[in-house]
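Count the sequence shown with mature numbering (1 follows the signal peptide of the UniProt record, and there is no 0) and you get residues -30 to -1, 1 to 340, in order. Notes for the one structure printed next.
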Amino acid sequence: MGRISLLPSLWIILSFSFVLLSFCPQPILAHDHNNDNSNASNQEQIIVDIHNGDLAQLHGHRNYYTVLIFTSSDPAHDCQPCQQVVPMVEQVTTTYLARYLTSETLAMKFYKIDLADISNAGVFRELEMNDIPHIWLVPPSPSSGREDDTVESVFDSPFMEYPLRKASLEVQVVEFAKFLSEVLMIDLHVVERTTINSNGGGAGSSSQSGLSTFAKTFIITFTIVALLKKKGPSFLSTTSRSTIMCYFAITIILFCIGGSQFTLQRQSPLFTKDEASGVLVFISEGSMHYQYAIEIFIVGLNYASLAASVIILIKLGNYQVTETSFIKDEKLRAWLIVLVSVAVYWLYSCLTSILLKKDPGYPYPLAKLF
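Okay, here's the thing in structure tokens:
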């Protein structure tokens, strides 16, 4: 009986798998875009303009975080950075509205104090603010504080200032969303978007880009499979079809859950460098959420290694040493049990060290490895 080629079957599986991998992120991004449109009318309501220097809305008890934008829309002030501040906050606000507008555990309000309104000048003077723009994050106020209505009374509690820097609007949006995510420990990821022109050309170019990416991925993958089939090791020809499909399915699953889908859907980098030290960052700090794909890969690899070590430990415990067995010395088996036990402790310590890096108050750590 002639041998049946596996190449057509693999071709079909590859085509279907990479169609899913390439196009599954699109509905998610489109869903976010639809949410953006549906909440566009709420944008103007949530970014409240302050007039006459009236900060009465910020006095007294507040059970929500407050984002204060100090800026100027007056062309006479020639404030170039101010032109990007409000659009940046608006994009992040849109994402916040889509995800946390009805949240009972988190509330955040946005206020804009524009120096173009001369009646707000007193606020800038009382705060001794000599330059703009600034973005402040004011925490909730548990008590009514002082009874007066001065500007200083609003800021009795400590607040944080977002460090604005020179960058493109897209980069600033991502960085500001990351800042809020880390401080408030929420998922406020914002996807960088290309500018869409008035005739809708941006949507067409985005679609063409997606098709181009899929085509390149498919061609490269199919070429690799074809080369392996013709010139690869002999086990590809001698192994049964079901075994190859099993290995292929496991590979695709590991590929999807190992950080690749996170990178595709969130448009997040595999890893990044610390701006201050220039050192590669593999585990992000200050937030329990994943921020880079490498984090998912490391944690997944750690869990897989831990599971394999436990299975090996169980096998070694039940292993029968005989003259024909692979392990022929009982002492060697005992030392292997000790070695694998140390590996289990070390791998579990890796997981708790990751938690400590994200949450220094984690109460159940083992050894702190990094």
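The beta carbon of each residue, even a glycine, is placed where N, CA and C say it ideally should be. Source: prediction; values computed, not measured.
query, result
"Please return the same chain residues whose Cβ sits closer than 8 Å to the Cβ of R303, not counting the five positions on each side in sequence.", "L286, Y289, V291 and I297"
"The alpha helix (DSSP H) spanning F40 covers which residue range?", "No alpha helix (DSSP H) contains F40, which is instead part of the beta strand (DSSP E) from Y35 to T41."
"Jot down the residue ranges of each uninterrupted alpha helix (DSSP H) in the stretch 260 to 309, minimum 4 residues, whole runs only, in chain order.", "263 to 287"
"List the DSSP bridge partners of E131.", "W106"
"Determine the closest residue to P133 out of M155, P103 and I156, with distance taken between C-alpha atoms.", "P103"
"Going by beta-carbon coordinates alone, are I39 and I88 separated by less than 8 Å?", "no"
"Quick check on the DSSP output: the alpha helix (DSSP H) that includes M78 runs from which residue to which?", "Not the alpha helix (DSSP H): M78 falls in the beta strand (DSSP E), residues M78 to D84."
"So if DSSP puts K243 in a beta bridge, which residue, or which two residues, is it bridged to?", "L250"
"Confirm the yes/no value for this check: CB of H21, any heavy atom of the ligand FAD, distance under 7 Å.", "The ligand FAD is not part of the structure shown, which contains no ligands of any sort."
"Taking all protein chains shown into account, decide if K148 is buried (16 or more other Cβ within 10 angstroms of its Cβ) or exposed.", "buried"
"Using the C-alpha atoms, what's the distance from P45 back to I227?", "50 Å"
"If you count every other CB in all the chains shown that lies within 10 Å of the CB of Y94, and 16 or more means buried, which is it?", "In the sequence as displayed, the identity of residue 94 is Phe instead of Tyr. With 16 or more Cβ atoms within 10 Å of its Cβ, F94 is classed as buried."
"Note the first and the last residue of the continuous beta strand (DSSP E) segment covering I20.", "I17 to I20"
"For A26, tell me which candidate among Y70, C52 and Y81 has the shortest Cα-Cα distance.", "Y81"
"Return yes when the Cβ of Y35 is within less than 8 Å of the Cβ of P128, no when it is not.", "no"
"Taking the DSSP output, what are the residues bridged to S111?", "R32"
"In angstroms with no decimal places, state the Cα-to-Cα distance between T242 and I282.", "35 Å"
"Cα separation between V59 and P51?", "13 Å"
"Would DSSP call I166 helix, strand or coil?", "With a pLDDT of only 37 at I166, under the threshold of 50, the placement of this residue in the model should not be trusted; the figure read from the coordinates follows. It is coil, neither helix nor strand."
"Looking at the structure shown, is S151 part of a helix, part of a strand, or coil, going by DSSP?", "helix"
"So the alpha helix (DSSP H) I223 belongs to, where does it begin and stop?", "R211 to F225"
"Would you call the CB atoms of F252 and I266 closer than 8 Å?", "no"
"Assuming M58 is part of the alpha helix (DSSP H), what are its boundary residues?", "C52 to Y70"
"How close, in whole Å, do the beta carbons of L339 and S323 come, if the pair is a contact with beta carbons under 8 Å?", "5 Å"
"In whole angstroms, give me the CA-to-CA distance for residue 349 and Y217.", "Past the boundaries of the shown model lies residue 349; the chain is included only from -30 to 340, so the question cannot be answered."
"Whole angstroms is fine: what's the gap from V143's alpha carbon to P330's?", "28 Å"
"Of all the options L306, K186 and Y315, which has the alpha carbon lying nearest to the alpha carbon of Y273?", "Y315"
"If you draw a straight line from the C-alpha of P335 to the C-alpha of D101, how long is it?", "46 Å"
"Pull up the distance between the alpha-carbon of Q54 and that of T221, whole angstroms please.", "44 Å"
"Following the continuous alpha helix (DSSP H) through G92, name the residue where it begins and the one where it ends.", "A91 to E96"
"For V108, I'd like the list of residues in its chain whose CB is within less than 6 Å of its CB, leaving aside the five on either flank, ordered along the chain.", "T36 and F129"
"Candidates V56, V249, W305 and L325: which alpha carbon is nearest T41's?", "V56"
"Assign S295 to buried or exposed, taking buried as 16 or more other Cβ atoms, counted over all protein chains shown, within 10 Å of its Cβ.", "exposed"
"Who are the Cβ neighbours of Y318 in its own chain at under 7 Å, not counting the five residues just before and after it?", "L276 and L336"
"Quick check on this structure: which residue in K186, R32, Y260 and G23 has the alpha carbon closest to the alpha carbon of E96?", "G23"
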